[in-house]
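Chemist: Numbering of the sequence shown is given in our numbering, commencing with residue 41 and proceeding in unit increments.
We put the CB at the ideal spot given by N, CA and C, even for glycine.
Please read through the structure below; I'll follow up with questions.
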Amino acid sequence: MITRVFGTIITGIILFGSLSIEKSNAQHYKYPFQKPNLSIEQRVDNIISLLMLDEKIKALSTNPSIPRLDIKGSGHVEGLHGLAQGGPANWTPKPPILTTIFPQAKGMGYTWDPEILEKAVHVEGYETRYIFQNDQYNSGGIVVRAPNADLARDPRWGRSE
41 MITRVFGTII
51 TGIILFGSLS
61 IEKSNAQHYK
71 YPFQKPNLSI
81 EQRVDNIISL
91 LMLDEKIKAL
101 STNPSIPRLD
111 IKGSGHVEGL
121 HGLAQGGPAN
131 WTPKPPILTT
141 IFPQAKGMGY
151 TWDPEILEKA
161 VHVEGYETRY
171 IFQNDQYNSG
181 GIVVRAPNAD
191 LARDPRWGRS
201 E
């Protein structure tokens, strides 16, 4: 059970590309899990075998970074209607990073147009990854807090817009 939980976490780290691999060392990987030609299972098994107990526990938190293994965890970003990286809402960083803003999720849903929603998702995903991986910004994360499919039973809940 525990191995499965950590396997799921580590698989998420690998799949979402939050491993920090120095560009200059791209051909000389320090650890087997950094090799993109290995299967996900092999990479997950390798990471789990290398993690100390306290690092496994830390991987369950909101910041799964493991500096000893060059694993850069991802932070959370707001993405209800585009990636929020500053501006009037006073989100960090300063100065704001300009991103594409879309209509509120409810308004996008009212279009009943899955293709336009998919296009918006691709733009937000691209911007999210670009800012997270770009050394110029050193900001953000690839875990995007966005609309969900749960029914809003209490309008005071912030994600029910």
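Could you give the distance in angstroms between the alpha-carbon of H68 and the alpha-carbon of D94?
Modeler: Rounded to the nearest angstrom, the two C-alpha atoms are 28 Å apart.
Chemist: Taking contact to mean at least 3 C-beta pairs separated by less than 8 Å, is the region 172-180 in contact with the region 149-156?
Modeler: The region 172-180 is not in contact with the region 149-156.
Chemist: My output table needs one value for M41: the three-state DSSP class, helix, strand or coil.
Modeler: Note that M41 has pLDDT 46, beneath the 50 cutoff, so the model's placement of it is unreliable and the number below is only indicative. Here M41 sits in coil by DSSP.
Chemist: Could you check what DSSP says for H116 in three-state terms: helix, strand or coil?
Modeler: H116 falls in the strand class under three-state DSSP.
Chemist: For P104 and H121, what's the separation of their Cα atoms in angstroms?
Modeler: So the two alpha carbons sit approximately 26 Å from each other.
Chemist: Per DSSP, what kind of secondary structure is R169 in: helix, strand or coil?
Modeler: The answer is helix: DSSP assigns R169 an H, G or I state.
Chemist: Can you tell me where the alpha helix (DSSP H) holding R83 begins and where it ends?
Modeler: R83 -> alpha helix (DSSP H) spans I80 to L90.
Chemist: Less than 8 Å between the C-beta atoms of I137 and G126, yes or no?
Modeler: For I137 and G126, yes; Cβs fall inside 8 Å.
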